[in-house]
Amino acid sequence: MINTPKFYDLMTPVLRVLESLGGSAHLLEITEHIVNHLYLTEKASKYLNNPGRTHQTKLECRIYHANKYLCCYGVLKEIEPDIWGLTDKYKPGMTVTHEHIIKAAMENLTTQNNSA
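Spelled out as structure tokens, the structure:
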């Protein structure tokens with residue numbers, strides 16, 4: 028069985044990698060650093076998400092999803108396709124969990140419903 032981290036377990040590592048790379052990087056560069064940071068096996072890092080249909084690995088797909096959630100939270104933005112950068116909302120050393128993301132989404136929905 029291939030042990031690929033869940034997208035929500037990748038959110039804080041993505042932030043750390045981007046911080047160490049000066050605030051922005053390409054998805055492939057983020058992936059490479061996360062493989063090294065989390066000591067993932069080559070098998071886990073190269074496992075294709077949909078063999079025969081795409082060349083994207085499961086890890087790349089999960090990092091992409093983590094990035095999208097971080098965008099919703101406001102600490103990350105997509106500068107160009109597959110180029111991600113930290114926003115002013117990000118504070119060095121910040122830890123983000125899926126609980127933070129869900130809470131922020133619920134607060135946004137409540138605010139939107141109250142203003143309608």
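Going by our numbering, the first residue of the sequence shown is number 28, and it counts up by one from there.
From the three backbone atoms N, C-alpha and C, an ideal C-beta is built for every residue, glycine too.
Thr124 and Pro32 have their C-alpha atoms some 14 Å from each other. For Glu87, the number of other beta carbons within 10 angstroms of its own is at least 16, and it is reported as buried. Shown here for Asn94: same chain residues with a beta carbon closer than 7 Å to its own, the five before and five after excluded, namely Val41, Leu103 and Trp111 in chain order.
By alpha-carbon distance to Lys116, the top candidate from Cys99, Pro108 and Gln83 is Cys99. With respect to Ile90, Thr114 sits apart: the two C-beta atoms are not nearer than 8 Å. Approximately 15 Å separates the beta-carbon atoms of Ile61 and Tyr96; this is outside 8 Å, ruling out the contact. When the beta-carbon positions are compared, Lys73 and Thr84 come within less than 8 Å of each other. Between Glu107 and the set Ser51, Met38, Thr138 and Phe34, the nearest pair of CA atoms involves Ser51. For Glu56 against Leu67, the beta-carbon gap comes to about 15 Å, at or over 8 Å, which does not count as contact. The DSSP-derived three-state label of Lys104 is strand. For Glu46 and Glu126, the gap between their C-alpha atoms comes out near 22 Å.
Between the alpha carbons of Thr138 and Asn63 lies a gap of roughly 40 Å.
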